[in-house]
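In our numbering, the protein residues as written are 58 to 199.
Just so it is clear, CB atoms sit at the ideal spot from N, CA and C, and this is done for glycine as well.
These numbers were taken from a predicted model, which means no experiment stands behind them.
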Amino acid sequence: MNSPMRPLGDLNAAMRDLDLSADKIRSLLDEGKLIGFNIAVKETTRKNLRVLTRSIEHYRETGGKESLLLEWPEIFSLILPGEKLFVRSTIIQRSLNCDREHVQNLIRAGFFSVSKKGRRGHDGSAMVTRQSFEAFLKGRLQ
Numbered sequence: 058m059n060s061p062m063r064p065l066g067d068l069n070a071a072m073r074d075l076d077l078s079a080d081k082i083r084s085l086l087d088e089g090k091l092i093g094f095n096i097a098v099k100e101t102t103r104k105n106l107r108v109l110t111r112s113i114e115h116y117r118e119t120g121g122k123e124s125l126l127l128e129w130p131e132i133f134s135l136i137l138p139g140e141k142l143f144v145r146s147t148i149i150q151r152s153l154n155c156d157r158e159h160v161q162n163l164i165r166a167g168f169f170s171v172s173k174k175g176r177r178g179h180d181g182s183a184m185v186t187r188q189s190f191e192a193f194l195k196g197r198l199q
């Protein structure tokens, strides 16, 4: 069974999907032709870029001639559909296309408001407020 496409891809996925160099992908992000986020724990270190899959698809469909015109609520709903007030850290991990440790580092750095701490075992993932996840992404829009 096919799983749904991830809402964000890393820089390598964008390079592969568009057959472009890393520098060109960064340039397209700067120009607003692609929508991306820096999910690095420390913004002052090397960027850890994620590119909105829908913006990659749009770029391919239009040959890069048109920018994808989406308002923030539409962008965020592509990354995290639904209206739940709390989000499991495993869902954030999948949404950001990163590993569990990266999400834990973001939690430890205080980017997310946690309503339930994570623990080992079944149903042990941390619960994060949707609002804090959204604020983090909105602040990291490239």
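Thinking C-alpha only, which one of Glu128, Val185, Trp129 and Asn162 is nearest Arg145? Val185
Could you check what DSSP says for Leu163 in three-state terms: helix, strand or coil? helix
What is the rounded straight-line gap between the Cα of Glu140 and the Cα of Ser152? 15 Å
Go to Ser170, then tell me how far its alpha helix (DSSP H) extends in each direction, as first and last residue. Premise fails: Ser170 is in no alpha helix (DSSP H) and is neither H nor E.
Three-state class that DSSP yields for Asn154 in the structure shown: coil
For the beta strand (DSSP E) containing Gly93, name the first residue and the last one. Gly93 to Asn95
Inter-residue Cα distance where the pair is Met58 and Asp76: Because Met58 carries a pLDDT of 34, less than 50, the predicted location of this residue cannot be relied on, and the following value inherits that uncertainty. Met58 and Asp76: Cα-Cα distance of roughly 27 Å.
When every heavy atom of the ligand GDP is checked, does at least one fall within less than 8 Å of the C-beta of Ala183? In terms of ligand content, the structure shown is empty, and the ligand GDP therefore cannot be addressed.
For Leu126, which three-state DSSP category applies? coil
Comparing alpha-carbon positions, which option in Ile96, Asn69, Ala183 and Leu85 lies nearest His159? Ile96
Between Gln188 and Asp67, what straight-line distance do the alpha-carbon atoms span, to the nearest angstrom? 23 Å
So Gly93 packs on Arg107, CB below 8 Å; how close in whole Å? 6 Å
Starting from Thr110, trace the alpha helix (DSSP H) in both directions and tell me its first and last residue. Thr110 to Thr119
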